[in-house]
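Q: Residue numbers for the sequence shown follow the numbering used here, beginning at 11 and rising by one. We put the beta carbon where it would ideally sit given N, CA and C, even for glycine. What follows is a single structure, and I will ask about it in a moment.
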Amino acid sequence: MKLTRFNSLRIFLIINVLIISSLSGCPSVSQQVAGFQENLGPSGVVEMDQNTDPRFFLPQERGRIGRLKIAGDEVFLNDVPVNRDVDINNGDHVATGDASWAVIEFSRVWSQACRIETRNLLRGRIYGIVRKCGHFVTAYQSAMETMQGTESYHVQIVSENEIVFTAIQGPIKVWLQFDPSYFQEVPSYHQVTVSDGQISPPENVKGEIGRITGWRDNFRRLRGQMIQVPDLRNMPLMEAKDTLNRLSLQIDAPNADRRILSARSRRQELVVYSQSPQPGAWAMQNDRVTVNVQADALPVYVPDLIKMTIMEAEKNLSSLGLRMDANPENAAGRDRVYRQSPSPGRKVNKGDEVRVYVRADPRTKEVRVPDLRKRTLGEAERRLKRLGLRIDVNPSNAKTESRVISQKPNPGSRVVPNSKVEVTVDVPVRGIIKLPEVMTVPTQLIQWVTVPDLQNPSPKSLAECRTILGRLGLGLRYSPRNATGEYWVVKQSPAAGRRVKKGTVVDLTLQPPIY
11 MKLTRFNSLR
21 IFLIINVLII
31 SSLSGCPSVS
41 QQVAGFQENL
51 GPSGVVEMDQ
61 NTDPRFFLPQ
71 ERGRIGRLKI
81 AGDEVFLNDV
91 PVNRDVDINN
101 GDHVATGDAS
111 WAVIEFSRVW
121 SQACRIETRN
131 LLRGRIYGIV
141 RKCGHFVTAY
151 QSAMETMQGT
161 ESYHVQIVSE
171 NEIVFTAIQG
181 PIKVWLQFDP
191 SYFQEVPSYH
201 QVTVSDGQIS
211 PPENVKGEIG
221 RITGWRDNFR
231 RLRGQMIQVP
241 DLRNMPLMEA
251 KDTLNRLSLQ
261 IDAPNADRRI
271 LSARSRRQEL
281 VVYSQSPQPG
291 AWAMQNDRVT
301 VNVQADALPV
311 YVPDLIKMTI
321 MEAEKNLSSL
331 GLRMDANPEN
341 AAGRDRVYRQ
351 SPSPGRKVNK
361 GDEVRVYVRA
371 DPRTKEVRVP
381 DLRKRTLGEA
391 ERRLKRLGLR
401 IDVNPSNAKT
411 ESRVISQKPN
421 PGSRVVPNSK
431 VEVTVDVPVR
441 GIIKLPEVMT
451 VPTQLIQWVT
461 VPDLQNPSPK
471 SLAECRTILG
481 RLGLGLRYSP
491 RNATGEYWVV
501 KQSPAAGRRV
511 KKGTVVDLTL
521 QPPIY
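Below, the structure is given as structure tokens:
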């Protein structure tokens with residue numbers, strides 16, 4: 011079939027267009043479509059705090075420019091209250107009232123040079139996330155613009171004369187509208203304040219970012235979209251990915267080899283050693299958690315377990331991927347660690363075993379309250395002090411010779427050490443003391459005494475044992491010989507309750523205190 015002159019001209023023009031496109035490096039239609047498919051998310055996001063009311067523009071677009079998501083009962087679109095998520099158009103005015111927040115997700119756009127504009131920001135706070143389009147914010151007599159690709163920033167209107175701009179990820183530039191030729195560049199994690207026509211020097215606020223942007227959590231909590239980021243450190247990469255998938259979070263491992271990432275048979279070779287956001291931070295559904303991995307598992311450092319209860323020590327070791335071997339095996343959950351092997355700070359491999367030596371802490375044992383009634387106040391004070399209890403006297407000005415007539419808690423009650431026992435005493439009436447007409451005097455001294463119980467209701471210290479045995483006229487021998495006054499009794503001989511002669515030596519076995 012013969013080509014007409016018109017068809018020949020059309021073919022000639024199409025060939026020339028394709029040749030020029032290839033020479034100039036312009037992307038093909040298929041490449042454009044592929045590029046569009048890679049950017050399925052919004053072009054940018056602006057989050058609004060309560061009592062904020064700017065207008066939003068996408069100058070290159072017409073009609074609908076994004077989606078307004080609300081939290082709270084006082085969100086307004088063009089001064090009309092809205093009670094559900096709605097679309098917004100170019101130039102729409104969004105305002106929030108008390109205890110209300112909003113998020114605007116802007117539509118995807120084709121243009122590489124698009125700009126999202128937040129105009130007339132006169133009160134409140136906004137947080138911006140740059141996905142594809144740059145951001146531009148005007149507030150009173152100042153303005154701000156992002157400078158690179160993926161960035162986030164924060165703007166707070168303190169008053170009509172004071173505005174704070176914070177660059178979080180990526181730099182921003184801030185200037186005064188009456189002098190746009192001069193601008194201040196603000197690097198990541200830095201902040202400037204515009205006040206009285208002046209721009210302050212950038213100040214590093216990296217440690218305060220959580221406090222500055224904490225209001226954003228209100229939106230997520232109210233919508234029930236908050237997810238707490240788990241601790242992925244020392245976790246195999248594929249296990250970390252599965253953990254985040256169960257929580258509806260995404261994972262990004264920029265330094266991982268994609269071939270190894272897809273090979274489940276080698277899942278133990280890639281281990282997470284750092285992450286962002288940090289463990290415990292709050293995120294929204296489908297947010298990304300960025301992790302850094304390395305081919306071999308990081309060494310694990312043995313934590314300091316001394317003074318921990320056996321339950322605390324086991325939980326601590328388990329979080330690091332280590333196993334625990336307790337000695338003795340039947341140790342109770344409230345027993346405390348006094349020695350461990352390997353020692354704290356030693357480098358071990360994940361899955362290794364740490365041996366801990368535990369014993370009962372006498373300070374955790376309950377004490378039986380003695381019967382103080384009819385005793386003098388001085389005797390009651392000394393007895394409570396030996397048991398590790400405190401005394402509260404009523405009346406407070408009572409003398410040591412006063413007699414206890416009532417107490418609280420009641421005799422026999424069990425309390426923890428250092429508890430307070432309230433006693434009421436009867437103040438004696440001072441006067442003439444009448445002696446009995448007949449007094450009996452013992453004809454011989456008592457040579458037998460009863461060995462006291464130095465272990466119950468709570469173990470006595472070496473210092474207390476010296477006092478108790480000395481009063482009874484008994485001798486004292488103990489081991490180890492280098493024990494100090496704080497060591498406490500774990501064994502005694504003769505046993506408590508035995509009748510022995512004065513001068514008998516009591517042998518004590520002591521242990522050092524945990525603290």
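Using the three-state DSSP reduction, which class does L445 fall into: helix, strand or coil?
A: In this prediction, L445 scores a pLDDT of 48, lower than 50, which makes its location untrustworthy; the coordinate-derived value is nonetheless stated afterwards. Three-state DSSP puts L445 in coil, outside helix and strand.
Q: Where does K384 fall in DSSP's three states?
A: Three-state result, K384: coil.
Q: Mind pulling the alpha helix (DSSP H) runs of 4 or more residues that sit fully within the segment 212-273?
A: 219-222, 226-233, 247-256, 268-271, all fully within the segment 212-273.
Q: Could you check what DSSP says for A112 in three-state terms: helix, strand or coil?
A: The answer is strand: DSSP assigns A112 an E or B state.
Q: Cα separation between Y283 and E218?
A: For Y283 and E218, the distance between alpha carbons rounds to 24 Å.
Q: Going straight from the alpha carbon of V281 to that of L332, what length do you get?
A: Taking the straight line joining both Cα atoms gives about 16 Å.
Q: How far does the beta strand (DSSP E) with G480 in it reach, from first residue to last?
A: Element bounds for G480: not the beta strand (DSSP E) but the alpha helix (DSSP H), 472-482.
Q: For L520, which three-state DSSP category applies?
A: Three-state DSSP puts L520 in a strand.
Q: Name the one or two DSSP bridge partners that F146 has.
A: In the DSSP output, where bridge partners are listed per residue, F146 has E127, E155.
Q: Between which two residues does the alpha helix (DSSP H) carrying N326 extend?
A: Element bounds for N326: 320-329.
Q: CA-CA distance, A293 and W111?
A: Between A293 and W111, the C-alpha separation is close to 16 Å.
Q: Does Y497 pass the burial test, meaning 16 or more other C-beta atoms within 10 Å, or should it be called exposed?
A: That one is buried.
Q: Which partner residues of T300 appear in the DSSP bridge assignment?
A: Answer is D262, S286.
Q: Determine the DSSP secondary structure at K395, reduced to helix, strand or coil.
A: Correct three-state label for K395: helix.
Q: Under 8 Å Cβ to Cβ from L254, same chain only, skipping five residues before and after it: list those, please.
A: Only P240, L242, Q260, I261, V299 meet the Cβ criterion.
Q: Decide if Q288 is buried, meaning its Cβ has at least 16 other Cβ atoms within 10 Å, or exposed.
A: It counts as exposed.
Q: At the level of alpha carbons, what is the spacing between R413 and K384?
A: When rounded, the distance between both Cα atoms is 5 Å.
Q: Quick check: what's the CA-CA separation for I75 versus A123?
A: Taking the straight line joining both Cα atoms gives about 16 Å.
Q: Out of V168, S198, F188, which has the shortest C-alpha to C-alpha gap to Q551?
A: Because the chain in this structure spans residues 11 to 525, residue 551 falls outside the shown range and cannot be described.
Q: With a threshold of 7 Å on Cβ separation, who are the neighbours of N171 within its own chain once the five nearest residues in sequence on each side are excluded?
A: So the qualifying residues of the chain are S205, D206.
Q: Opposite K317 in the DSSP bridges: which residues?
A: None, per the DSSP bridge assignment.
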